[in-house]
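Numbering (our numbering), first residue to last: 4 to 437. So the structure is just underneath, and the comments pick up after that.
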Amino acid sequence: MADVMDKIVSLCKRRGFIFQGSDIYGGLANTWDYGPYGVELKNNVKRAWWKANVYERDDILGMDASILMHPKVWEASGHVKNFFDLKRDCKSCKKRFKDADLKDKNKCPECAGELTESRPFNLMFETHAGAVSDEASLIYLRPETAQGMFVNFLNILDSRHPKLPFGLAQIGKAFRNEITPGNLTFRTREFEQMEIEYFVRPEDADKKLQEWIELHFEWYLNYGIKKENLRKRPHGPEELAHYARACTDIEYNFPFGWSELEGIANRTDFDLKQHAESSGQDLRYFDDKAKERFYPYIIEPSGGVDRTVLAFLVDAYHEEQVKDDTRVVLALDKGLAPVKAAVLPLLKNRPEIVELARAISKDLKQHMVAVYDDTAAIGKLYRRQDEVGTPFCVTIDVQSLEDNKATVRDRDSMQQERISVDALKEYLLEKLTI
Ligand code: ATP
Numbered sequence: 004m005a006d007v008m009d010k011i012v013s014l015c016k017r018r019g020f021i022f023q024g025s026d027i028y029g030g031l032a033n034t035w036d037y038g039p040y041g042v043e044l045k046n047n048v049k050r051a052w053w054k055a056n057v058y059e060r061d062d063i064l065g066m067d068a069s070i071l072m073h074p075k076v077w078e079a080s081g082h083v084k085n086f087f088d089l090k091r092d093c094k095s096c097k098k099r100f101k102d103a104d105l106k107d108k109n110k111c112p113e114c115a116g117e118l119t120e121s122r123p124f125n126l127m128f129e130t131h132a133g134a135v136s137d138e139a140s141l142i143y144l145r146p147e148t149a150q151g152m153f154v155n156f157l158n159i160l161d162s163r164h165p166k167l168p169f170g171l172a173q174i175g176k177a178f179r180n181e182i183t184p185g186n187l188t189f190r191t192r193e194f195e196q197m198e199i200e201y202f203v204r205p206e207d208a209d210k211k212l213q214e215w216i217e218l219h220f221e222w223y224l225n226y227g228i229k230k231e232n233l234r235k236r237p238h239g240p241e242e243l244a245h246y247a248r249a250c251t252d253i254e255y256n257f258p259f260g261w262s263e264l265e266g267i268a269n270r271t272d273f274d275l276k277q278h279a280e281s282s283g284q285d286l287r288y289f290d291d292k293a294k295e296r297f298y299p300y301i302i303e304p305s306g307g308v309d310r311t312v313l314a315f316l317v318d319a320y321h322e323e324q325v326k327d328d329t330r331v332v333l334a335l336d337k338g339l340a341p342v343k344a345a346v347l348p349l350l351k352n353r354p355e356i357v358e359l360a361r362a363i364s365k366d367l368k369q370h371m372v373a374v375y376d377d378t379a380a381i382g383k384l385y386r387r388q389d390e391v392g393t394p395f396c397v398t399i400d401v402q403s404l405e406d407n408k409a410t411v412r413d414r415d416s417m418q419q420e421r422i423s424v425d426a427l428k429e430y431l432l433e434k435l436t437i
């Protein structure tokens, strides 16, 4: 099974989904750059998430907060004190290990050297703001996007006057100085989160937590993740983060084992109370019907963009035997696929065919991500598009010049249909609706 990961890594590099970061310098370990197809896939995942969680609802507002925040935010949130992993260092090879990953707590798993006692290791990246690098200028790169929404709670109440229950949604970068990153983009030190902070009356929190778990579980299935590869895993009390009362992870069955895609937690009123105390601002919600002021509870669905992209890639990847050839297909949901249609002239030495193909591609580009490709024979062009998950190939041949029809080939069934060039755009758009 592990070689599926090797195949994904190789496909990602070969086709331009994901490259090693700083590659020409030998790479910076565990950093990854999204290439031309990767950025499209990632943007489509974010767009699909935003659509389901912001645009299709009346009770969620979008936000985009700064990565750099006042250092007091992280004191109040508990991250300065509590956001650490226990680690041990090898006295011989100097490698660092997460305590929880070690079977034998005394022996280095790499060189069998002696390990140090376990020590807390704060996961927040530190940096300095401004020209002077002293304690007063110390700030952190945010380890979660959530706090940007808590510190804007008052701004949102004052500007938009939402009524409970309501939520804020945000997609953005987060940074954690992970001790053991790995598995391509699964665990990195720089990643993107998609988070919702959903404010509810305290007595509704348990019910809303369950609703969000179900809703987000369905979202992955809607976009094509196979049901048998997705599960919910409630946390035991010893696993809960310092701010959470209850949490359920949505896990995906990666080639390296079941692992978290998203955590959905009941953060109670912990964060708002902490920030109220620390900032001196009244962060209670005022219910003008009941004339009462109180701290709402917060339900937080918190997912990772990069992990979700990786899960979609792994789930979509398959190989099939076609005659004596192996066809590699990324059977991505059509809405998520980086390119929607590839326009391919069957004979590139016939100027009229090339001209028609180029005109069709130009027109389609106004409505979807479409590409024109004439750099190989048709069989090879099809395989190339299958490998990057393009749902439709549009082929122009000699007959197209006579009947003004193109051949549309479906990625999954490989069925071909002749469609009038004038109806092509509508035909494709209808099948592509996200
Ligand atoms: P893990 O247990 O895997 O370290 P976590 O429980 O610490 O994850 P959360 O704090 O719940 O993660 O963060 C919410 C989401 O952010 C995770 O479900 C994951 O999708 C994403 N995420 C967290 N850390 C990383 C990372 N180092 N690299 C990529 N994505 C991450």
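We put the beta carbon where it would ideally sit given N, CA and C, even for glycine.
Asked: CB contact below 8 Å: V374 versus chain D; Found: Checking the listed chains, one finds no chain D in this structure; it contains a single protein chain.
Asked: Run of the beta strand (DSSP E) containing N256, from where it starts to where it stops; Found: A249 to F257
Asked: Cβ contact check for the region 205-222 and the region 300-317: 3 or more pairs under 8 Å; Found: yes
Asked: For T311, the first and last residue of its enclosing alpha helix (DSSP H); Found: V308 to A319
Asked: For D67, the nearest candidate out of N407, I199 and P112 (CA to CA); Found: I199
Asked: heavy atom of the ligand ATP below 7 Å from S95 C-beta; Found: no
Asked: Backbone secondary structure at Y246 - three-state DSSP; Found: coil
Asked: Buried versus exposed call for D6 [16 or more other C-beta atoms within 10 Å across all chains shown]; Found: exposed
Asked: For R1, the three-state DSSP class (helix, strand or coil); Found: Residue numbering for the chain in the displayed model covers 4 to 437; residue 1 lies beyond these limits and cannot be assessed.
Asked: Paired residues, beta bridge with H131 - DSSP; Found: L141
Asked: T191 Cβ short of 7 Å to the ligand ATP heavy atom set; Found: yes
Asked: Alpha-carbon spacing of K166 relative to K292, whole angstroms; Found: 11 Å
Asked: Contact between the region 409-416 and the region 326-339 (3+ Cβ pairs under 8 Å); Found: yes
Asked: Of the residues S262, K365 and R204, the one placed nearest F289, counting alpha carbons only; Found: R204
Asked: Three CB pairs or more closer than 8 Å across the region 134-149 and the region 168-185; Found: yes
Asked: Reference V48; option with closest CA among Q402, G307 and K101; Found: G307
Asked: Beta-carbon proximity of V397 to A409, cut-off 8 Å; Found: yes
Asked: Cα-Cα separation between V12 and I21, rounded to whole angstroms; Found: 8 Å
Asked: L171 burial status per 10 Å Cβ neighbour count (16 or more: buried); Found: buried
Asked: Residues near L384 in its chain [Cβ-Cβ closer than 6 Å; skip 5 each side]; Found: L347 and D376
Asked: Alpha-carbon to alpha-carbon, I70 and M16; Found: Note on identity: in this sequence residue 16 is Lys, with Met being the wrong assignment. If I take the Cα positions, the gap works out to 29 Å.
Asked: Where Y300 sits in the DSSP three-state scheme; Found: strand
Asked: Beta-carbon proximity check, N232 vs R248, cutoff 8 Å; Found: no
Asked: Any non-hydrogen atom of the ligand ATP closer than 7 Å to L187 Cβ; Found: no
Asked: Contacts around D425, its chain only, beta-carbon distance under 6 Å, and the 5 residues preceding and following it disregarded; Found: none
Asked: Check: F194 C-beta below 7 Å from any heavy atom of the ligand ATP; Found: yes
Asked: N-terminal and C-terminal residue of the alpha helix (DSSP H) that D161 is part of; Found: F156 to R163
Asked: CB contact flag (D161, G227, <8 Å); Found: no
Asked: Reduced DSSP secondary structure (H/G/I, E/B, other) of Q284; Found: coil
Asked: Residues that A177 bridges to, as DSSP identifies them; Found: F194
Asked: Reference P184, options L14, P341, A132 and N33, closest by Cα; Found: N33
Asked: Check: D309 C-beta below 7 Å from any heavy atom of the ligand ADP; Found: The ligand ADP is not part of the structure shown, which contains the ligand ATP as its ligands.
Asked: At least 3 beta-carbon pairs within less than 8 Å: the region 80-97 vs the region 187-199; Found: no
Asked: Nonlocal neighbours in the same chain, by C-beta distance under 7 Å from K452, ignoring five residues either side; Found: No information on residue 452 is available, as it lies outside the stretch 4 to 437 that the chain covers here.
Asked: I267 vs H321 beta-carbon contact at 8 Å; Found: no
Asked: Candidates R99, A103 and F128, of which the one nearest E117 by Cα; Found: R99
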